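Residue numbers (our numbering): 14 to 191. Each residue gets a CB set at the ideal place from its N, CA and C atoms; glycine is no exception. Since the structure is predicted, the reported quantities are computational estimates derived from the model, not experimental observations.
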């Protein structure tokens, strides 16, 4: 797979995740304050998803680091690579540190990687309806809101939370590139 880069504000390189990247991936998803916004998987669950043909694990590395596992600034987990209708699901995405513009830069790389695959027509995700910050990042990259899944997620404390569905289609993506 070709490496993609994005310059501002920090140059990132997008690459497939390797087994040795699991430690940094799990550290990012367990960053303080992320528990309300980012899902978590056990190491065994991550390994199973990484091995599955229907998943893609991508990492964003700070450019010029030589690809060292500890230099991972973000990760994305994509599911349904083999969807016959061309729908690809962004299961999880996270960056650290936050507030450095990395989220938008990393998401832009993931979006371009996604639509580099000709069979993908629609790239979709769901996020907590209360996560306005994430929704702004998704909208900045061209995603639009498709609806709300009411009380679709049961939190660790047992409370039900709404999920906002968002998507970006190939025609929308192409229109933004012009």
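Bridge-paired residues (DSSP) for residue i
| i | result |
| --- | --- |
| residue 137 | 102 and 180 |
| residue 28 | 72 |
| residue 108 | 87 |
| residue 162 | 176 |
| residue 167 | 173 |
| residue 157 | 180 |
| residue 189 | Per DSSP, none; premise fails for residue 189. |
| residue 92 | 68 and 102 |
Distance between residue j and residue i (C-alpha atoms, nearest Å)
| i | j | result |
| --- | --- | --- |
| residue 5 | residue 157 | Because the chain spans 14 through 191 in this model, residue 5 falls outside it and cannot be assessed. |
| residue 19 | residue 186 | Model confidence at residue 19 stands at a pLDDT of 44, short of 50, so the residue's coordinates are unreliable and nothing is read from them. |
| residue 151 | residue 24 | 19 Å |
| residue 53 | residue 41 | 10 Å |
| residue 259 | residue 154 | Because the chain is modelled from 14 through 191, residue 259 falls outside the range shown and cannot be assessed. |
| residue 90 | residue 37 | 14 Å |
| residue 117 | residue 45 | 20 Å |
| residue 119 | residue 72 | 9 Å |
| residue 109 | residue 180 | 24 Å |
| residue 96 | residue 62 | 16 Å |
| residue 56 | residue 43 | 12 Å |
| residue 33 | residue 75 | 17 Å |
| residue 169 | residue 159 | 26 Å |
| residue 58 | residue 51 | 15 Å |
| residue 188 | residue 143 | 29 Å |
Spatially closest choice to residue i from the options, by CA coordinates
| i | options | result |
| --- | --- | --- |
| residue 141 | 123, 119, 106 and 110 | 106 |
| residue 111 | 104, 68, 70 and 147 | 147 |
| residue 104 | 125, 145, 57 and 69 | 69 |
| residue 93 | 73, 87 and 127 | 127 |
| residue 178 | 61, 189 and 145 | 145 |
| residue 60 | 35, 51 and 67 | 35 |
| residue 114 | 84, 149 and 139 | 149 |
| residue 27 | 138, 85 and 51 | 85 |
| residue 49 | 174, 108, 184 and 188 | 174 |
| residue 100 | 109, 29 and 67 | 67 |
| residue 182 | 108, 176 and 98 | 98 |
| residue 137 | 65, 176, 32 and 33 | 176 |
Burial state of residue i (16 or more Cβ within 10 Å)
| i | result |
| --- | --- |
| residue 172 | exposed |
| residue 124 | buried |
| residue 139 | buried |
| residue 190 | exposed |
| residue 161 | exposed |
| residue 64 | exposed |
| residue 31 | exposed |
| residue 87 | buried |
TODO: Spell out a yes or no on whether the stretch 127-135 and the stretch 161-169 are touching, meaning 3 or more CB-CB pairs, one atom from each, closer than 8 Å.
DONE: no
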